[in-house]
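Student: Structure incoming, see below.
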Amino acid sequence: MTFDFPIRSILIDVKMSRAAIYKHYMRALSQWPKDALRPECRFEDVMQKRIERKFNPPKAVEGAKPAATTPINEAAEMNQVHALFSLIGNQYTRKFPLGPIMKPASNPTHYTDLVEELSAAPNRSLFQRLVAKWRKSVRLQ
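Its first residue numbered 673, the sequence shown is counted upward by one per residue in the numbering used here.
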């Protein structure tokens, strides 16, 4: 089995089984970073439901014919898995750095302030959220 992992394509010499591709997906999703801001709406959960539907056919009703499995395109699925792993590894951040776009002349600390605000938001109490909202609405000179 030969895998070449350039950003654009994957070369697959042998067909991979459904189970192997499924395992690759699950490994990628287990490494996906947790979203502290919105823990009730997680990317991993959405992707896992999609993968379960695609790779695990619905259970057959007793006495009925078993459900036929839908064929999958192994190369396309491995490209999807590779895209997940390249996002997890920050491959595109390293390849395409943002540079000066993150420090606009009008407000150079805007994006760093925004990141700090988002990282602090999940740990705030109700009172702290109300004070932060009030501060945004009232501008003191």
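From the three backbone atoms N, C-alpha and C, an ideal C-beta is built for every residue, glycine too.
In this text the structure is predicted, and so the values were computed from the model without any measurement.
1. Anyone know if the C-beta pair for ASP707 and ARG699 falls short of 8 Å?
2. Would you mind working out which of ALA804, THR784, TYR783 sits nearest ALA814, comparing C-alpha positions?
3. To the nearest angstrom, report how far apart HIS782 and MET774 are at their CA atoms.
4. Classify VAL810 as helix, strand or coil using the three-state DSSP reduction.
5. With a threshold of 8 Å, are at least 3 pairs of Cβ atoms found where one atom belongs to the segment 723 to 730 and the other to the segment 756 to 766?
6. Assuming contact is defined by CB atoms lying nearer than 8 Å, are LEU701 and GLU712 in contact in what I supplied?
7. In the structure shown, what three-state DSSP assignment does ASN728 receive?
8. Going along the chain, which residues of its own chain have a beta-carbon closer than 8 Å to the beta-carbon of ILE744, five neighbours each way excluded?
9. What is the residue span of the alpha helix (DSSP H) that ASN762 lies within?
10. So, under 8 Å CB-CB, ALA709 and LEU790 are touching, yes? Tell me the CB distance rounded to an integer number of Å.
Tutor: Answer, in terms of the structure:
1. Against the sequence shown, residue 707 aligns to sequence position 35. Against the sequence shown, residue 699 aligns to sequence position 27. Their beta carbons are not under 8 Å apart, which means ASP707 does not touch ARG699 by this criterion.
2. This structure cannot speak to residue 814, because the chain is shown only from 673 to 813.
3. For the purposes of this step, residue 782 is taken as the residue at position 110 of the sequence shown. For the purposes of this step, residue 774 is taken as the residue at position 102 of the sequence shown. Using only the alpha carbons, I get a separation of about 8 Å.
4. Within the sequence shown, residue 810 is the residue found at index 138, counting from 1. DSSP places VAL810 in coil when its eight states are reduced to three.
5. no
6. If you number the sequence shown from 1, residue 701 lands on position 29. If you number the sequence shown from 1, residue 712 lands on position 40. It is not a contact, given that the beta carbons lie outside the stated cut-off.
7. Within the sequence shown, numbered from 1, the residue matching residue 728 stands at position 56. Coil.
8. Residue numbering aside, residue 744 sits at position 72 when the sequence shown is read from its first letter. Cβ within range, chain order: ARG690, ILE693, LYS726, PHE727.
9. Here residue 762 is taken as the residue at index 90 of the sequence shown, counted from 1. Careful: ASN762 lies outside any alpha helix (DSSP H) and carries neither H nor E.
10. Position 37 of the sequence shown, counting from 1, holds the residue named residue 709. Position 118 of the sequence shown, counting from 1, holds the residue named residue 790. Sequence check: residue 709 is Leu here, not Ala. Yes, LEU709 and LEU790 are in contact; Cβ-Cβ is about 6 Å, under 8 Å.
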